[in-house]
Amino acid sequence: MTGNKVFDRDRGVAGLAWGIHVPFRQYMQRIWDGQMAAGDGAALLESEETYFPLECDTAISGELRFTGFVEFIGHNGMLAVTVRDPWLQSISGQWSLTIVDPFDSRTRMPLVEVDFQNAGIGETRLTETGTDLFMGNYNEGTVFDPVRIVLAEKD
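Residue numbers (the UniProt record's numbering): 1 to 155.
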């Protein structure tokens, strides 16, 4: 979907739900000290998605900003992956989900490209820069979990 219909605030957007990547979550559940936690307003859902609430003080065309984080930690802290403050942004006509860059918190990292096929659900693929977050364990273009726009009146 190329227009801003997905991002129409009049539709009552409440937040974003995203499971990140099923195989990664399963791996974290298998390791002896694997932990998954959410904070700063984000919450873990029974669906194994993380809910990120809409940031209310921004209104930029072609962009939705969400707040909070989900963090995965394991292997005595040697494995640490944080998805913080995801934004859906239109960059050169392509929708992307960007996060606070864990390697430079002053910038944003395009984590996945998003293809909205229908009302508020977007298929995702890992970007080249996103591979760094997972220490190269997933290749560019790897299909990640779909993102879901959560509407206040429906969810």
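We treat Cβ as the ideally placed atom computed from N, Cα and C, and that holds for glycine.
Query, Result
"Roughly how many angstroms lie between the CA atoms of Glu46 and Asp40, to the nearest whole one?", "18 Å"
"Taking only three categories from DSSP, how would you classify Tyr51?", "strand"
"Grab the span of the alpha helix (DSSP H) containing residue 156 for me, first residue to last.", "Any question about residue 156 goes unanswered here, given that the chain covers just 1 to 155."
"Taking the alpha carbon of Glu71 as the point to measure from, which residue in Val100, Ala119 and Val150 has its own alpha carbon closest?", "Val100"
"What are the boundary residues of the alpha helix (DSSP H) that Asp132 is part of?", "Gly130 to Leu133"
"Buried or exposed: where does Leu44 fall if 16 or more other Cβ atoms within 10 Å of its Cβ makes it buried?", "exposed"
"Exposed or buried, what is Pro23 when buried is set at 16 or more other beta-carbons lying within 10 Å of its beta-carbon?", "exposed"
"Here's a check: name, in chain order, each residue in its chain whose Cβ is nearer than 8 Å to the Cβ of Asn76, leaving out the five neighbours to either side.", "Asp33"
"Determine the direct distance from the alpha carbon of Ala17 to that of Leu97, and round the result to whole angstroms.", "12 Å"
"Quick check on the burial criterion: 16 or more other C-beta atoms within 10 angstroms. Buried or exposed for Phe66?", "buried"
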